[in-house]
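Participant: Once you know that position 758 of the sequence shown is 758 in full-length UniProt numbering, the rest is easy, because the numbers rise by one and skip nothing.
Okay, handing you the structure first.
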Amino acid sequence: MWCYNVWQLESVTQVVLFDISVRLHVGRPESRLVEQIVLHILKKLNYASSSDLKGLVGMDSRMKQIEALLCTQLPEVCFVGIWGMGGTGKTTIAGEIFNKIAGEYEGQYFLANFKILLKLCFSFTGFQGTGKVEGIFLDVSKLGTENVEGMFLNVSEIREIELSSTAFGRLYNLRLLKIYNSVAGDKCTVHLPSGLESLSHELRYLHWDGYPLTSLPCNFHPQNLVELNLSSSKVKQLWRGDQNLVNLKDVNLSNCEHITSLPDLSKARNLERLNLQFCTSLVKVPSSIEHLDKLNDLDLRGCTSLINLPSRINSRCLKSLNLSGCSNLKKCPETARKLTYLNLNETAVEELPQSIGEQSGLVALNLKNCKLLVNIPENIYLLKSLLIVDISGCSSISRVPDFSRNIRYLYLNGTAIEELPSSIGDLRELIYLDLSGCSSITEFPKVSNNIKELYLDGTAIREIPSSIECLCELAELHLRNCKQFEILPSSICKLRKLQRLNLSGCLQFRDFPEVLEPMYCLRYLYLEQTRITELPSPIGNLKGLACLEVGNCKYLNDIECFVDFTVYLFCLRKLNLDGCHILVVPNSLGFLSSLEVLDLSGNNFSTIPLSINQLLELQYLGLRNCKRLQSLPELPPRLLKLDADNCESLNYLESSSSTVVKGNIFEFIFTNCLSLCRINQIMPYSLMKFRLYTKRLHQQLPDVPEGACSFCLPGGVSPQWLSHQSWGSTITCQLSSHWANSKFLGFSLCAVIAFHSFGHSLQVKCTYHFSNEHGDNHDLYCYLHGWYDEKHIDSDHIFMGFDPCLVAKEDCMFSEYSEVSVEFQLEDMNGNLLPLDLCQVHECGIRLLYEDEIHCIDYYCDALEAMFQGKRAWFQGKRARFQGMSWEDYSVIRRTYEFLEELDVSKGVSSFCLCGDVTPEWFSHQSWGSTVTCQLSSHWANSEFLGFSLCAVIAFHYFKHSLQVKCTYHFRNEHGDSHDLYCYLHGWNDERRICSEHIFVGFDPCLVVKENDMFSKYNEVSIEFQPEDMNGILLALDICLVHKCGVRLLDAKDKHGLETRLQAQ
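Quick look at the structure:
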């Protein structure tokens, strides 16, 4: 076939510089040589089909930058990442570079759309059971297992996996193995029906959530293992025999409920952390633990079967020992002197070792609920570093010794002590003292003038001495349920920093002293269930008062003092007058311009003054059990909730056509308002809610919250306006093709419920069962709001609501369903189904509402209005409440100011969440992504520093989990010094379904920074925001992602600026 002469071949080699002179003498056919020449030429000419880069501006320069990083001749370069926002051409650049250099490698493959393919590959539907996972490991083995050094498998979207016993058999060089579940609460069952034959001896990192076997492979040698995490697994023992664990530093066996003992750890000389929390079957730990010199954190909390520990743990590095909840542990081990945290909460220890006095570095000692502990060693006063002592709930302790003068927090509540040591007044650093429930304490404690919080609830104290005025730093004073307390001195007014005073339940307390001086700081005053006959006077001197609670003061029958002084109470946000037998509500109540919560329940007035509609900030109005109330005037425009339960005489609701247009959307409850039902005015009043809500939804106004529309009223018939109705608790309707189109607004829901001797909390769970003719199905649910307290009802009531059903709008999958059944279930507020003999759904109905059907509500309401002689009920909806400032900015500024006002009271992080997708402009440092960096001035952590204001904008996608946002501070300076701190923005504990963006805002006083001069040397801080579930597990980026973030350092000047802006607004 090949007929070239040798001289011709030599000529070719001269052209391409390919020397074949040697190869001509090895007896190979010339055809092979020609093939080699052709291949070499192709490589030199970029063995790939040419790509057309025409029109791709700037492509050449970008490719050259990346080619320079590749260093294809160096073996060290394994990965080059191309990072950037979506749509910037990352895949195009990578593809062109691949085409250019692919010929230089024996094997090559370009995988585009990797993220999508990966999700499809590892989804539950992709596996269709348990059979295909083995194929993944088979593919790995075919691709060359000696090159696989790391494997990470997220099983959060897979319910069951079945692996063969040899799945890891040929992964000889595997160093990193992580099989984990990124979704808290979801359990993935990994099956190894034939066991597991082997794991790589090269493993450095082994993390396997829910490991299914009782032990690791018998031939596994963990000599290279650095970190072992088998949390929530079924392991009973790790391995047998003596193992070389010289590299092991971190062991996490938390929630391994079956493990009964640990192997010998004598050779784990570098072990630093041992986490065994909630290993409920663990009876003992090996004696070798006492010789682990580098152990600094030992966590055994919740090990309820643990009986004893080695008598001494000699590690000179041990800083934290947590034995909380080891309810059978009777003796605390002795430790070296570096211990800073000792937690014996709810253990069975009867005494502390005398060596406790040698723990010179101990900062926190927790002995809470140690019921068998009889005394505290006298030498505890030697602990000069001790700041926190918690002996609360130690009911056998009748006396306490002297403490170090440096102690700051002392919890003695629930003990049997009869008096405090005489040296208590010498504790100059003491700022917090809790004696709640110490019923033998009869005298007010003689504490240092630096005390800030004093809890004396449930003590036998009869009076407070006039010398209390010397407690110039006192911010909180609690005397709740002190049954014998009678006398509060007038000198209480001299406490310039007092913010919270609680006298609730002091049944003998009659006279609040005359307020002789203005009290600017007192914000919270609790006087419920006292014998006072009049409110503090002159109440106008309580200039900073934000909350006044005087509920169930049976002897308080008028509140005339408000008449002359309401203009001075410009800070009052909450007023509780529940159960005070008030006969007349003064007109001056309408001048409390800042009032947000007003509870007038359980009183004897028959009317409410018209001035109430001037309470422009009012969001909640409580009128429960106002049995003489006959009519309601025009209500405030921003009201969110009205509770008029059991207003037996209520028969008239005022309405105004103007407020229907600009009013708010609120929940209202008219349970047991039978007079209102009899005159049939309630139904048009209720349906006005739907008219306003759906119109606003149609206009896509941003202030329409999900699930906002629900109410309850007396009655036994579903409105005719609902197109689908049925007896019983389930209603079914057929869905047209493409029913969930862009004009779909949501579902109107209704349930008629019969009550019999009912006295519980209530919510109505509405479950949607979507299905089609192919057998596909999907469930969703929402709730019609009921009530948290126990309401006594014996008649039929109608529950109505509107569900925007955002999931159905955003997922085209729902258009494929042709039928929906809605099931109404009655639950208490804990999610427990209520028995049918107490309450039962008699009738139900639904209507799918579209944009062009909004007028149907108008027609129906107009017909009812004409039928009932024009007594048209009205409804109020939200309007833009701020000019010149966004809602987000206003919320942040207002709440931050409130956080700062309570800074001396609240020691932790204060936070809140609101809908939105923009970082408020108020934050001085902002950034895209999850990290924001700001420069710090010299001596930034001075006495004026108040803390950090934090913000994260998080996008949710089919989110259904608990949530908290971990904020990690990375402090550093130009010398390379660094330090990390963290705090949390609170989210929620339950599983919430969210598919939109939300803003999380918080304020962190960052007390560690204020108390440690070390932080002043740092000149830069980066703050990283990480969404986690409530178990501390990072959440997957495909369900929640931090899009933007911001931070602002606050000082005293900022606080004044916030106040000025709020007053101007």
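In this text, a Cβ means the ideal position worked out from N, Cα and C, and glycines have one as well.
So, does the stretch 738–757 touch the stretch 634–644, judging by three or more C-beta pairs under 8 angstroms?
Facilitator: The stretch 738–757 vs the stretch 634–644: no contact.
Participant: Going by other Cβ atoms of all chains shown within 10 Å of its Cβ, with 16 needed for buried, is C326 buried or exposed?
Facilitator: What you label residue 326 is simply residue 326 of the sequence shown in a count that begins at 1. It counts as buried.
Participant: Give the single residue among A546, T92, C332 and L245 whose Cα lies nearest to the Cα of P222.
Facilitator: The residue labelled residue 222 in the question sits at position 222 within the sequence shown. It is L245.
Participant: When the Cβ atoms of the stretch 777–785 are set against those of the stretch 839–855, are three or more pairs found closer than 8 angstroms?
Facilitator: The stretch 777–785, when compared against the stretch 839–855, does not touch it at the 8 angstroms Cβ threshold.
Participant: So what does DSSP say about Q529, is it helix, strand or coil?
Facilitator: Locating residue 529 in the sequence shown gives position 529, where the first residue counts as 1. If DSSP states are grouped into helix, strand and coil, Q529 belongs with coil.
Participant: Quick test of the definition: if touching needs 3 or more C-beta pairs under 8 angstroms, does the stretch 784–793 touch the stretch 722–731?
Facilitator: No: the two stretches stay apart, fewer than three of their Cβ pairs being nearer than 8 angstroms.
Participant: From the DSSP output, read off the bridge partner residues of A955.
Facilitator: Taking the first residue of the sequence shown as 1, we reach residue 955 at position 955. Paired residues: E997 and L1041.
Participant: Which residues in the same chain as A364 place their Cβ atom closer than 6 angstroms to its Cβ, once the five residues preceding and following it in sequence are excluded?
Facilitator: Here residue 364 corresponds to residue number 364 of the sequence shown, with the count starting at 1. The residues are Y341 and I388.
Participant: I think S1022 touches N989, with their Cβ atoms under 8 angstroms apart; what is that distance to the nearest whole Å?
Facilitator: If you number the sequence shown from 1, residue 1022 lands on position 1022. If you number the sequence shown from 1, residue 989 lands on position 989. About 29 angstroms separates the two Cβ atoms, so there is no contact after all.
Participant: Kindly indicate which three-state DSSP category H925 falls into: helix, strand or coil?
Facilitator: Walking along the sequence shown from the start, residue 925 turns up at place 925. Correct three-state label for H925: strand.
Participant: Would you mind giving the Cβ-Cβ distance between H760 and S815, rounded to the nearest angstrom? I have them listed as a contact below 8 angstroms.
Facilitator: Stepping through the sequence shown from its first residue, residue 760 is reached at position 760. Stepping through the sequence shown from its first residue, residue 815 is reached at position 815. Between S815 and H760 the Cβ distance is about 39 angstroms, and since that is not below 8 angstroms, they are no contact.
Participant: With distance defined between alpha-carbon atoms, name the residue in I608, L595 and T607 nearest to Y620.
Facilitator: Stepping through the sequence shown from its first residue, residue 620 is reached at position 620. It is L595 whose Cα lies nearest to the Cα of Y620.
Participant: Would the beta-carbon of P217 fall within 8 angstroms of that of S198?
Facilitator: Here residue 217 is taken as the residue at index 217 of the sequence shown, counted from 1. Here residue 198 is taken as the residue at index 198 of the sequence shown, counted from 1. Yes, the Cβ-Cβ distance between P217 and S198 is below 8 angstroms.
Participant: In its own chain, which residues sit with a C-beta less than 7 angstroms from the C-beta of I97, not counting the 5 before and 5 after it?
Facilitator: Looking up residue 97 in the sequence shown gives position 97. The residues are M63, I66 and E67.
Participant: Helix, strand or coil: how does DSSP classify T340 here?
Facilitator: The residue given as residue 340 occupies position 340 in the sequence shown. Coil at T340, not helix or strand.
Participant: Alpha carbon to alpha carbon, how far is C782 from T767?
Facilitator: The count along the sequence shown starts at 1 and reaches residue 782 at position 782. The count along the sequence shown starts at 1 and reaches residue 767 at position 767. About 7 angstroms.
Participant: Which class does I179 belong to by DSSP, given the choice of helix, strand or coil?
Facilitator: Here the question's residue 179 lines up with position 179 in the sequence shown. Three-state result, I179: strand.
Participant: Can you give me the C-alpha to C-alpha distance between H478 and R496, rounded to a whole angstrom?
Facilitator: Here residue 478 corresponds to residue number 478 of the sequence shown, with the count starting at 1. Here residue 496 corresponds to residue number 496 of the sequence shown, with the count starting at 1. Whole-angstrom Cα-Cα distance: 17 angstroms.
Participant: Using the Cβ count rule (16 or more neighbours within 10 Å means buried), how would you classify residue 1069?
Facilitator: Nothing can be reported for residue 1069: it is not among the residues displayed for the chain, which extend from 1 to 1065.
Participant: If you drop the 5 nearest sequence neighbours on each side, which residues of the same chain put their C-beta closer than 7 angstroms to that of N219?
Facilitator: Stepping through the sequence shown from its first residue, residue 219 is reached at position 219. Contacts found: S198.
Participant: Is the beta carbon of S943 within less than 7 angstroms of some heavy atom of the ligand GDP?
Facilitator: As presented, the structure is devoid of all ligands, the ligand GDP included, so that no description of it is given.
Participant: Taking 8 angstroms as the threshold (C-beta atoms), are R269 and K234 in contact?
Facilitator: Stepping through the sequence shown from its first residue, residue 234 is reached at position 234. Stepping through the sequence shown from its first residue, residue 269 is reached at position 269. In this structure, R269 does not lie closer than 8 angstroms to K234 by Cβ.
Participant: Report yes if the C-beta distance between S771 and Y817 is below 8 angstroms; otherwise report no.
Facilitator: In the sequence shown, the residue the question calls residue 771 occupies position 771. In the sequence shown, the residue the question calls residue 817 occupies position 817. Yes; because the gap between Cβ atoms is below 8 angstroms, this pair is in contact.
Participant: Who are the near neighbours of D1051 in its chain, counting only those whose CB is closer than 7 angstroms to its CB and skipping five residues on each side?
Facilitator: Your numbering for residue 1051 matches position 1051 in the sequence shown. Here the set comprises E944, F945 and L946.
Participant: Assign V1009 to one of three DSSP states: helix, strand, or coil.
Facilitator: Residue 1009 sits at position 1009 when you count from the first residue of the sequence shown. Residue state, collapsed to three classes: helix.
Participant: How is the alpha helix (DSSP H) around K90 delimited, first residue to last?
Facilitator: To locate residue 90, count along the sequence shown from 1; it is residue 90. K90 to I101 is the extent of the alpha helix (DSSP H) around K90.
Participant: Ends of the alpha helix (DSSP H) at L806?
Facilitator: Taking the sequence shown and counting its residues from 1, the one referred to as residue 806 is at position 806. L806 to E810 is the span of the alpha helix (DSSP H), which, as asked, contains L806.
Participant: Please name the residue, chosen from L262, Q243 and L177, that lies closest to F168 on a Cα-to-Cα basis.
Facilitator: Here residue 168 refers to the residue found at position 168 when the sequence shown is read from its first residue. Checked all of L262, Q243 and L177; the closest Cα to F168 is L177.
Participant: Run through the DSSP bridge pairs and tell me what W940 is partnered with.
Facilitator: What you label residue 940 is simply residue 940 of the sequence shown in a count that begins at 1. For W940, which the question treats as bridged, DSSP gives no partner whatsoever.
Participant: Name the two residues that bound the continuous beta strand (DSSP E) containing E453.
Facilitator: As a first step, residue 453 is located in the sequence shown; it is residue number 453 there, counting from the start. It spans E453 to Y455 - the beta strand (DSSP E) in which E453 sits, taken as one unbroken run.
Participant: Rank V965, F971 and H979 by C-alpha distance to the C-alpha of L985 and give the top, closest one.
Facilitator: Here residue 985 corresponds to residue number 985 of the sequence shown, with the count starting at 1. If we check each option's Cα against that of L985, V965 comes out closest.
Participant: Please state the DSSP three-state secondary structure of D402.
Facilitator: Within the sequence shown, residue 402 is the residue found at index 402, counting from 1. Three-state result, D402: coil.
Participant: Nearest by alpha-carbon distance to Y568: which of N173, E560, K90 and L545 is it?
Facilitator: Taking the sequence shown and counting its residues from 1, the one referred to as residue 568 is at position 568. Ranking N173, E560, K90 and L545 by Cα distance to Y568 puts L545 first.
Participant: Does the distance from the CB of I424 to the CB of C438 come in under 8 angstroms?
Facilitator: The residue given as residue 424 occupies position 424 in the sequence shown. The residue given as residue 438 occupies position 438 in the sequence shown. Cβ atoms of I424 and C438: not closer than 8 angstroms.
Participant: Spell out the partners DSSP gives T189 in its beta bridges.
Facilitator: If you number the sequence shown from 1, residue 189 lands on position 189. Beta-bridge pairing links T189 to E160.
Participant: Could you check the C-alpha separation between E549 and E921 for me, to the nearest Å?
Facilitator: As a working mapping, residue 549 is identified with position 549 in the sequence shown. As a working mapping, residue 921 is identified with position 921 in the sequence shown. Roughly 36 angstroms between the two C-alpha positions.
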